[in-house]
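I have placed the structure first, in the form of structure tokens, so that the comments after it can refer back to it.
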Amino acid sequence: MRINENTVLIGRDINLVPYKKKHIERYHKWMASLELQELTASEPLTLKEEYEMQRKWHLDEDKLTFIVLARHPVPDGPCPLADEKWGVPIGDVNIFLSNDTDSDEPVAECEVMIAEPAYRRHGHAYTALSLLLHYFLSPALSSLHKPKPRALIARIALSNTPSQRLFEKLGFEVRKVVEVFGECEMRWGGGREGWGEEGEVVRYEEEEEEEEEEEEEEEEEEEAEVRGE
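For the sequence shown, numbering that gives the first Met the number 0 gives the first residue as 0, with consecutive numbering after it.
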């Protein structure tokens with residue numbers, strides 16, 4: 000979504016930033032993992048396809064995507080990106096807007112992935128989902144949902160018990176089991192008692208400036224080609 004293209008959600012231990020081009024190579028490396036492909040029910044993409052997908056997610060009005068950044072690096076974790084001041088990329092968290100396959104009602108599907116093994120079991124997935132859900136249901140953002148989702152859902156592999164427990168902690172309950180796909184559908188019950196911190200919303204201004212500079216450079220290159228330089 001364009002709505003979060005310059006938005007940072009700040010938590011105590013993690014920050015959520017919009018999925019930008021500079022994150023693509025790290026994301027592509029994550030998704031080469033057979034373990035993550037199985038857990039996320041994803042097919043591997045080429046690097047070119049990842050760039051196309053990032054652009055599509057940025058423009059689509061039915062996808063809200065953030066990269067999860069750890070604010071405090073660990074010794075055995077991945078190297079930070081040179082141009083990412085908000086933390087070390089460790090995963091992503093998303094909400095996809097769609098229609099329920101049974102009732103055709105509008106729903107919002109939640110997903111989270113902590114891709115870096117060194118950062119798992121630290122509560123980062125729980126915090127990332129808490130930050131995202133608070134943001135998604137905030138008055139400023141919820142008024143823009145058209146049509147307004149009737150439910151928050153999560154589709155999780157039956158074998159992924161830790162993820163099921165995570166969503167249970169956030170107030171989701173199993174409502175349907177789809178044996179043929181080996182997954183269950185969980186729905187939020189409406190209570191926020193189990194949610195974590197709400198976080199602070201700030202603007203990703205430096206990224207906006209970088210993109211403006213890139214656009215100016217591209218325009219200058221195009222003008223130079225027209226002039227035959």
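The beta-carbon is built from N, C-alpha and C at its ideal position, and this holds for glycine as well.
The model shown is predicted, which means the values in this text are computed figures rather than measured ones.
Would you check if the distance between the CB atom of residue i and the CB atom of residue j is smaller than 8 Å?
i	j	result
His-133	Gly-86	no
Cys-183	Ile-155	yes
Lys-147	Pro-116	no
Asp-91	Ile-66	yes
Ala-124	Leu-35	no
DSSP state of residue i, grouped into three classes?
i	result
Thr-126	helix
Val-106	strand
Met-185	strand
Lys-19	coil
Ala-69	strand
Asn-159	coil
Asn-5	coil
Leu-132	helix
Ala-117	helix
Arg-202	strand
Glu-220	Bear in mind that a pLDDT of 49 at Glu-220, under 50, signals an unreliable position, so the model cannot answer this.
Glu-207	Any reading at Glu-207 must be qualified, since the residue scores a pLDDT of 46, below 50, and its modelled position is unreliable; the value itself is stated next. Helix at Glu-207.
Return the bridge partner residues of residue i from the DSSP annotation.
i	result
Met-112	Asp-91
Glu-172	Arg-186
Ser-97	Val-106
Leu-63	Ile-94
Val-179	None, per the DSSP bridge assignment.
Arg-154	Glu-184
Counting C-beta neighbours from all protein chains within 10 Å, is the total for residue i 16 or more, i.e. buried, or is it exposed?
i	result
Val-16	buried
Glu-192	exposed
Leu-46	exposed
Asn-14	buried
Thr-126	buried
Pro-161	exposed
If I measure Cβ to Cβ from residue i and keep anything under 6 Å in the same chain, skipping five residues before and after, which residues do I get?
i	result
Phe-166	Ala-153 and Met-185
Leu-131	Val-92
Got a sec? Which residues, its chain only, sit under 8 Å from residue i by beta carbon, not counting five neighbours each side?
i	result
Glu-216	Residue placement at Glu-216 is flagged as unreliable, the pLDDT there being 46, under the threshold of 50; the coordinate-derived value follows with that caveat. So no residue of the chain qualifies.
Arg-235	Residue 235 cannot be examined here, being either before or after the span of the chain that is shown, 0 to 228.
In chain order, what residues of the same chain lie with their CB nearer than 7 Å to the CB of residue i, ignoring the 5 residues before and after it?
i	result
Gly-190	Gly-170
Tyr-203	Asn-5, Thr-6, Val-7, Val-16 and Pro-17
Within the present structure, is the beta-carbon of residue i separated from the nearest heavy atom of the ligand ATP by less than 7 Å?
i	result
Glu-110	In the structure on display, the ligand ATP does not appear, and there are no ligands present to speak of.
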